[in-house]
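Visitor: So for the sequence shown, this note's numbering puts the first residue at 7; every next one is plus one.
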Amino acid sequence: MGLVSVIEVRGLRKSYPDIVAVDGIDLSIAQGEIFALLGPNGAGKTTTVEIIEGFRTRDAGEISVLGMDPQVRGHDAREFRDRIGIVLQSTFDAGDLTVAETMHHFSGYYSKPRSADEVITSVGLSEKRNSLIRNLSGGQRRRLDVGLGIIGSPELLFLDEPTTGFDPEARRSFWDLINSLRDLGTTIVLTTHYLDEAEALADRVAVINKGKIIEISTPANLGGRSTSLARVQWEQEGHMKEELTAEPTAVVNRLSATFNGEIPKLIVSRPTLEDIYLEMIGAVGGDVE
7 MGLVSVIEVR
17 GLRKSYPDIV
27 AVDGIDLSIA
37 QGEIFALLGP
47 NGAGKTTTVE
57 IIEGFRTRDA
67 GEISVLGMDP
77 QVRGHDAREF
87 RDRIGIVLQS
97 TFDAGDLTVA
107 ETMHHFSGYY
117 SKPRSADEVI
127 TSVGLSEKRN
137 SLIRNLSGGQ
147 RRRLDVGLGI
157 IGSPELLFLD
167 EPTTGFDPEA
177 RRSFWDLINS
187 LRDLGTTIVL
197 TTHYLDEAEA
207 LADRVAVINK
217 GKIIEISTPA
227 NLGGRSTSLA
237 RVQWEQEGHM
247 KEELTAEPTA
257 VVNRLSATFN
267 GEIPKLIVSR
277 PTLEDIYLEM
287 IGAVGGDVE
């Protein structure tokens with residue numbers, strides 16, 4: 007049995023007077039998949055996601071999200087909103103409410119909300135549940151945003167730069183939360199500038215630039231990464247040397263025999279996801295900021 011598609015996009019286009027923001031994008035995202043959209047600022051990923059979320063109209067193309075057109079109105083629009091969760095890049099601001107009050111308030115918007123207390127715990131805000139939002143740190147506010155995005159038990163969750171302001175421990179905890187949601191069957195669309203985050207979480211990634219999809223693949227295989235040459239570096243006669251090879255083990259064995267044991271300053275590496283991403287963006291004239 008084939009995978010059930012939660013999002014189907016065909017020939018998506020969106021233009022503004024001075025720019026083509028989205029230029030014929032095709033996407034298919036399966037139920038329970040974590041799908042990451044990567045690209046530099048201005049690449050078209052935000053416009054693409056906003057169209058899929060139903061916040062922006064399209065000029066052309068066909069879109070199905072949970073079997074519905076995101077531009078639906080009336081009762082169908084309410085059903086659509088009830089089934090998705092969105093964590094925007096900007097933070098929610100209601101400074102006179104506590105964390106618990108805010109979570110309970112938002113839970114009332116949904117037909118099948120999660121327990122507010124459970125969500126507060128899952129995003130690491132148990133100790134701040136009675137704190138006013140205005141007294142939270144930036145990272146704590148971001149965790150609240152994530153909590154508000156998942157309070158409605160969404161079938162489909164959109165995350166826009168979700169871990170901005172998180173310390174390393176909080177990021178790892180968040181990753182665990184996202185993986186647990188995926189295990190429950192939640193489909194997740196992630197936009198992030200953290201390439202390690204995309205590599206840790208995403209089943210597949212799409213690289214977008216200048217309104218076009220450059221490639222869609224798994225993080226391990228993007229840009230032929232899994233078959234790319236390894237770089238073997240070592241010190242010899244006071245100088246660092248290197249060799250690119252498809253068989254790094256053979257090179258290391260040869261060097262070990264040459265040095266009769268330990269190889270000085272040995273480093274064996276393959277391109278990281280960031281290396282591949284920057285190479286792909288640069289190849290099409292993108293901004294590799």
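Idealized CB from N, CA, C, for every residue including glycine.
Remember, predicted model here, so these are calculated numbers, not experimental data.
When the Cα of residue 15 is compared with those of 66, 21, 243 and 39, which residue comes out closest?
Guide: For the purposes of this step, residue 15 is taken as the residue at position 9 of the sequence shown. Nearest of 66, 21, 243 and 39 to residue 15, Cα basis: 66.
Visitor: Taking 6 Å as the limit between beta carbons, can you name the residues of its chain near residue 275, skipping five residues before and five after?
Guide: The residue you call residue 275 lines up with position 269 of the sequence shown. Cβ within range, chain order: 237.
Visitor: Would you call the CB atoms of residue 231 and residue 282 closer than 8 Å?
Guide: Position 225 of the sequence shown, counted from the start, is the residue given in the question as residue 231. Position 276 of the sequence shown, counted from the start, is the residue given in the question as residue 282. Yes; because the gap between Cβ atoms is below 8 Å, this pair is in contact.
Visitor: Give me the Cβ distance between residue 194 and residue 40, rounded to the nearest whole Å; I'm assuming they're in contact under 8 Å.
Guide: Translated into the one-based positions of the sequence shown, residue 194 becomes position 188. Translated into the one-based positions of the sequence shown, residue 40 becomes position 34. Confirmed, about 5 Å.
Visitor: According to DSSP, is residue 281 part of a helix, a strand, or is it coil?
Guide: As a first step, residue 281 must be located in the sequence shown, where it is residue number 275. If DSSP states are grouped into helix, strand and coil, residue 281 belongs with the helices.
Visitor: With DSSP as the reference, please indicate the residues paired to residue 197 in a beta bridge.
Guide: Taking the sequence shown and counting its residues from 1, one reaches residue 197 at position 191. 43 and 166, per the DSSP bridge assignment.
Visitor: Going by CA-CA distance only, name the one from 271, 212 and 218 that's closest to residue 224.
Guide: Numbered from 1 along the sequence shown, position 218 holds the residue referred to as residue 224. Comparing Cα-Cα distances from residue 224 to each of 271, 212 and 218, the minimum goes to 212.
Visitor: Determine, using beta carbons only, whether residue 12 and residue 72 come nearer to each other than 8 Å.
Guide: Translated into positions along the sequence shown, residue 12 becomes position 6. Translated into positions along the sequence shown, residue 72 becomes position 66. Going by C-beta atoms, residue 12 is nearer than 8 Å to residue 72.
Visitor: Going by other Cβ atoms of all chains shown within 10 Å of its Cβ, with 16 needed for buried, is residue 324 buried or exposed?
Guide: A question about residue 324 goes unanswered here, because the residues of the chain that appear run from 7 up to 295.
Visitor: Report the residue from 228, 270 and 188 whose alpha carbon sits nearest the alpha carbon of residue 244.
Guide: Mapped onto the sequence shown, residue 244 falls at position 238. Measuring from the Cα of residue 244, the nearest candidate turns out to be 270.
Visitor: Roughly how many whole angstroms lie between the Cα atoms of residue 167 and residue 246?
Guide: Taking the sequence shown and counting its residues from 1, one reaches residue 167 at position 161. Taking the sequence shown and counting its residues from 1, one reaches residue 246 at position 240. Whole-angstrom Cα-Cα distance: 39 Å.
Visitor: At what residues does the alpha helix (DSSP H) containing residue 154 begin and finish?
Guide: Position 148 of the sequence shown holds residue 154. That run of the alpha helix (DSSP H) goes 144 to 156.
Visitor: Consult DSSP for residue 189 and reduce its assignment to one of helix, strand or coil.
Guide: If you number the sequence shown from 1, residue 189 lands on position 183. Three-state result, residue 189: helix.
Visitor: Helix or strand or just coil, what does DSSP make of residue 7?
Guide: Counted from its first residue, the sequence shown places residue 7 at position 1. In this prediction, residue 7 scores a pLDDT of 42, lower than 50, which makes its location untrustworthy; the coordinate-derived value is nonetheless stated afterwards. Reduced to three states, the DSSP call for residue 7 is coil.
Visitor: Alpha carbon to alpha carbon, how far is residue 84 from residue 131? Give it in angstroms, no decimals.
Guide: As a working note, residue 131 is residue 125 in the sequence shown. As a working note, residue 84 is residue 78 in the sequence shown. About 29 Å.
Visitor: Taking all protein chains shown into account, decide if residue 136 is buried (16 or more other Cβ within 10 angstroms of its Cβ) or exposed.
Guide: As a first step, residue 136 must be located in the sequence shown, where it is residue number 130. Exposed: under 16 other Cβ atoms inside 10 Å.
Visitor: Look up residue 20 in the DSSP assignment and give the residues it is bridged to.
Guide: Residue numbering aside, residue 20 sits at position 14 when the sequence shown is read from its first letter. Paired residues: 28.
Visitor: Express the C-alpha separation of residue 249 and residue 36 in angstroms, rounding to a whole number.
Guide: Working through the sequence shown from its first residue, we reach residue 36 at position 30. Working through the sequence shown from its first residue, we reach residue 249 at position 243. Rounded to the nearest angstrom, the two C-alpha atoms are 40 Å apart.
Visitor: Quick one: what's residue 239 bridged to in DSSP?
Guide: Locating residue 239 in the sequence shown gives position 233, counting from the first residue. Bridge partners of residue 239: 248 and 273.
Visitor: Going along the chain, which residues of its own chain have a beta-carbon closer than 7 Å to the beta-carbon of residue 145, five neighbours each way excluded?
Guide: Reading the sequence shown from its first residue, position 139 is the one you call residue 145. So the list reads 171, 172, 173 and 176, once near-sequence residues are dropped.
Visitor: With contact counted as at least three CB pairs below 8 Å, one residue from each stretch, are the region 153 to 168 and the region 103 to 115 in contact?
Guide: Result yes; three or more Cβ-Cβ pairs closer than 8 Å.
Visitor: Going by DSSP, which residues form a beta bridge with residue 124?
Guide: To locate residue 124, count along the sequence shown from 1; it is residue 118. DSSP output for residue 124 lists no bridge partner at all.
Visitor: I'd like the ranges of any beta strand (DSSP E) spanning at least 3 consecutive residues and lying wholly in the region 57 to 134.
Guide: Taking only runs of at least 3 residues, the beta strand (DSSP E) segments lying wholly in the region 57 to 134 are 66 to 71 and 90 to 93.
Visitor: Could you say which of 279, 219, 239 and 258 lies nearest to residue 28 if we only look at CA atoms?
Guide: Here residue 28 refers to the residue found at position 22 when the sequence shown is read from its first residue. Selected option, being the one with the closest Cα: 219.
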